[in-house]
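Asks: Attaching a single structure in structure tokens format; questions to follow.
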Amino acid sequence: MKKQSIMIASVILLLSLVVSACGNAGSGSASKGTINVGSKNFTEAFILSEAYSLALENAGYKVNRKFKLAGLLAHETIVKGDIDVYPEYTGTALLSILKLPKLSDPKEVYDTVSKAYKDQFNLVWLASTQANNSQGLTVTKEVADKYGLKTLSQLAELAPQLRLAAVTGFEDREDGLKGLKQAYGGFEFKSVKLFDAGVKYRALHDNEADVTVAFTTDGELTKPNLVLLEDDKHFWPPYYVAPVIKADVLEKNKGIDDILNEVSAKLDTATLQKLNAEVDINKQEYTDVAKQFLQEAGILKK
């Protein structure tokens, strides 16, 4: 009898453990699905997409990374359904994807692309970061001090005395030198020489040029000897970055927007400059940079 009681107790204990295990399998991290995260094909995009991926994994999702989608391929891929979410830029969405007229107000641009993406593609723009990766023109501090340069309006007038280090296509693009001439007047540089994007800043340091084209989140801009000139006529539209996600994925995964928005809330232009510098200048791996950023932001444990 005693032996039988022990056996019954053992069976009950075993069953309770099985039930408990099943319960755990149906809750917490194991209950969450797989998210396909995409990225464009440049340093900043890798860092951003990796940061969003790590945050999702930390919350219990499995993540498939589909990075290095060049040009507008990331947009085409999410529309086809091969990725679920990726970071996009409001200016790119407005001008290159939707092909709408240029707007200058960041909120107006965000609201415009948000509505159009939902209506046309059933895609949702989540909360925007405060990181604006727009275009700009940069000079060394020495040149800025010599000419008292602070704005593009001043540069337009001083251009005949200065040499421009440009990248392929900048001279003829509507959002390049051609458009600057129409918006500001002037901009007739003493010379225009083409450089690969990776060495354009070196042209300034080697005294081969006085001015170069820039993106406002470039890691090089963390260096104290460079000055990004103010676009005082708002020629370039804002390019704020935010996650774009499929509406059905958002609906099926309650709270996923909170996870991604928490990351976005920690990002601004200066932060992206620093993160880009860690990869492009200090030669760290983007995976390590993204992880360290989330740890310092308090999203991941150290």
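For the sequence shown, the positions run -21 to -1, 1 to 281 when mature numbering (1 follows the signal peptide of the UniProt record, and there is no 0) is used.
Ideal Cβ positions, reconstructed from N, Cα and C, are used throughout, including at glycine.
For clarity, every value in this text was computed on a predicted model and none was experimentally measured.
Along the chain, where does the alpha helix (DSSP H) containing SER243 start, and where does it finish?
Replies: Residues 235 to 243.
Asks: Suppose only complete runs of 4+ residues qualify. What are the alpha helix (DSSP H) ranges in the stretch 165 to 208, listed by chain order?
Replies: Counting whole runs of 4 or more residues, the stretch 165 to 208 contains the alpha helix (DSSP H) stretches 179 to 184.
Asks: Looking at ALA144 and PHE166, is the spacing between their C-beta atoms short of 8 Å?
Replies: Cβ distance not < 8 Å, so PHE166 and ALA144 don't count as in contact.
Asks: Note down the Cα distance separating SER(-12) from ASN37, rounded to an integer number of angstroms.
Replies: Confidence is the limiting factor: at SER(-12) the pLDDT is only 47, short of 50, which leaves the residue's position unreliable and the question unanswerable from this model.
Asks: Enumerate in chain order the residues of its own chain whose CB-to-CB distance from ALA176 is below 7 Å, with the five nearest sequence positions on each side excluded.
Replies: Answer for ALA176: VAL146, listed in chain order.
Asks: Taking 8 Å as the cut-off, decide whether the C-beta atoms of GLN263 and PHE194 are in contact.
Replies: Against a cut-off of 8 Å, the Cβ pair of PHE194 and GLN263 comes out as no contact.
Asks: Please confirm if the stretch 17 to 24 is in contact with the stretch 227 to 234, defined as three or more CB-CB distances below 8 Å between the two stretches.
Replies: Because the criterion of three Cβ pairs below 8 Å is not met, the stretch 17 to 24 and the stretch 227 to 234 do not touch.
Asks: What are the boundary residues of the alpha helix (DSSP H) that includes LYS125?
Replies: Note, LYS125: alpha helix (DSSP H), 120 to 126.
Asks: Among the residues of its own chain, which have a CB less than 6 Å from the CB of ALA249, if the five just before and after it don't count?
Replies: Answer for ALA249: no residue qualifies.
Asks: Report yes or no: do the stretch 128 to 137 and the stretch 90 to 100 share at least 3 C-beta pairs separated by less than 8 Å?
Replies: No, they do not touch.
Asks: Quick one, are the C-beta atoms of LEU141 and PHE168 less than 8 Å apart?
Replies: Yes, the pair counts as a contact, with Cβ atoms nearer than the cut-off.
Asks: Relative to the C-alpha of ALA221, which candidate in ILE278, GLY39, LYS86 has its C-alpha closest?
Replies: Ranking the options by Cα distance to ALA221, first place goes to LYS86.
Asks: Who are the near neighbours of LEU79 in its chain, counting only those whose CB is closer than 7 Å to its CB and skipping five residues on each side?
Replies: These residues qualify, in order along the chain: LEU73, THR91.
Asks: Does the Cβ-Cβ distance between SER83 and HIS213 come in under 8 Å?
Replies: Yes, they are a contact pair.
Asks: Could you tell me if VAL178 is buried or exposed, where buried requires 16 or more neighbouring beta carbons within 10 angstroms of its beta carbon?
Replies: Looking at its Cβ environment, which holds fewer than 16 other Cβ atoms inside 10 Å, VAL178 is exposed.
Asks: Should GLU199 go down as buried or exposed, given a rule of 16 or more other Cβ atoms within 10 Å for buried?
Replies: So GLU199 ends up on the buried side.
Asks: Just the Cα atoms here: how many angstroms apart are TYR218 and GLU187?
Replies: Each residue's Cα considered, the two are about 29 Å apart.
Asks: For the pair the stretch 48 to 57 and the stretch 242 to 256, tell me if three or more CB-CB distances fall below 8 Å.
Replies: Because the criterion of three Cβ pairs below 8 Å is not met, the stretch 48 to 57 and the stretch 242 to 256 do not touch.
Asks: In the DSSP output, what is TRP104 paired with across the bridge?
Replies: In the DSSP output, where bridge partners are listed per residue, TRP104 has VAL223.
Asks: So, using beta-carbon positions, are LEU102 and VAL268 closer together than 8 Å?
Replies: The answer is no: Cβ separation not under 8 Å.
Asks: Could you pull out every residue in the same chain whose Cβ sits closer than 8 Å to the Cβ of LYS41, ignoring the five residues on either side in sequence?
Replies: Same-chain partners within the cutoff: LYS11, GLY12, THR13, ILE14.
Asks: Express the C-alpha separation of GLY164 and ALA135 in angstroms, rounding to a whole number.
Replies: So the two alpha carbons sit approximately 7 Å from each other.
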